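This report concerns only the one structure given below.
In the UniProt record's numbering, the protein residues as written are 1 to 277.
Rendered as structure tokens:
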């Protein structure tokens with residue numbers, strides 16, 4: 001007769017339920033039944049990793065302040081004179097002009113003499129710079145050489161002075177030339193003891209602030225050629241080797257070998273007309 005076996009079958013596992021329950025409580029309630037520990041244990045380790053600090057924000061004004069400030073340096077003037085320079089001018093201002101032209105591609109001797117080579121270099125510079133080409137260094141040409149802006153509206157003639165100021169200037173030149181009428185002709189002279197043609201023109205223009213050359217060719221080449229219809233009293237009338245002052249109404253004041261004195265007479269032949277205004 002089989003007997004009732006009150007013992008558990010050998011080899012059968014007995015679960016330690018009380019200890020498992022306590023272990024589970026120790027782990028914050030996570031289940032430990034032959035599986036991976038879930039929940040709190042891993043959550044704790046995840047929380048243990050420190051968060052990477054955020055990069056400090058840089059405000060726009062601060063970034064702008066960080067940039068180094070730049071300083072604009074105005075170009076230094078190379079021509080400090082305010083007088084017009086033209087054929088026949090001399091001195092330190094002409095040396096500055098010649099240096100400035102050399103810096104722009106010319107090849108001049110810096111001798112302070114505004115002669116034919118300097119005259120040609122000025123004209124070439126004016127042409128390249130889009131300035132009015134007359135070979136005279138006035139306000140616009142000086143400003144361009146000094147690195148300043150020039151408002152010329154292209155290669156057009158500079159704005160003319162008002163008719164009243166032009167007339168006054170021209171009348172002064174003519175009136176001064178008339179004071180020399182009757183002075184005998186003397187080659188190379190420029191005083192009341194004797195004058196030649198260019199000496200008379202220099203005398204008439206003295207005190208006007210306009211620099212002109214000494215010889216007839218320098219006087220002719222230093223100004224701007226115009227038509228007879230554009231000529232105003234005080235402008236220059238020029239023939240080959242001879243110059244005089246335009247008096248208006250087809251007349252010229254000049255010192256000629258014939259009649260060997262300063263006279264006011266009718267214009268003859270086909271001269272050219274030159275203005276410095």
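Note that CB positions come from ideal geometry on N, CA and C, so glycine has one too. Computed from a prediction, not measured in an experiment: that's the story for all the values here.
Of the choices the options, whose alpha-carbon is the least far from that of residue i?
| i | options | result |
| --- | --- | --- |
| residue 236 | 230, 229 and 244 | 244 |
| residue 188 | 216, 210, 171 and 142 | 216 |
| residue 218 | 101, 266, 260 and 120 | 120 |
| residue 233 | 82, 185 and 170 | 170 |
| residue 240 | 270, 250 and 95 | 270 |
| residue 84 | 254, 210 and 98 | 210 |
| residue 203 | 254, 220 and 148 | 254 |
| residue 144 | 97, 177, 176 and 220 | 97 |
Short check: CB of residue i to CB of residue j, under 8 angstroms?
| i | j | result |
| --- | --- | --- |
| residue 199 | residue 276 | no |
| residue 104 | residue 132 | no |
| residue 185 | residue 195 | yes |
| residue 172 | residue 208 | yes |
| residue 201 | residue 247 | no |
| residue 100 | residue 78 | yes |
| residue 279 | residue 250 | Examination of residue 279 is not possible in this model, given that the chain is present from 1 through 277 alone. |
With burial defined as no fewer than 16 other Cβ atoms inside 10 Å of the residue's Cβ, what is the status of residue i: buried or exposed?
| i | result |
| --- | --- |
| residue 107 | exposed |
| residue 278 | Summary: the structure shown does not reach residue 278, with the chain confined to residues 1 through 277, and so no result is reported for it. |
| residue 260 | exposed |
| residue 273 | buried |
| residue 164 | With a pLDDT of 48 at residue 164, under the threshold of 50, the modelled position of this residue cannot be trusted; read the value that follows with caution. With fewer than 16 Cβ atoms within 10 Å of its Cβ, residue 164 is classed as exposed. |
| residue 36 | Confidence in residue 36 is poor, its pLDDT being 41 and thus under 50, which makes the residue's placement unreliable; the coordinate value appears in the next sentence. Exposed. |
| residue 82 | exposed |
| residue 268 | exposed |
| residue 230 | exposed |
| residue 135 | buried |
| residue 191 | exposed |
| residue 128 | exposed |
| residue 92 | exposed |
Between the stretch 81-92 and the stretch 113-131, do at least 3 Cβ pairs fall closer than 8 angstroms?
yes
Check whether the stretch 135-143 and the stretch 176-193 touch, using three or more Cβ-Cβ pairs below 8 angstroms as the test.
no
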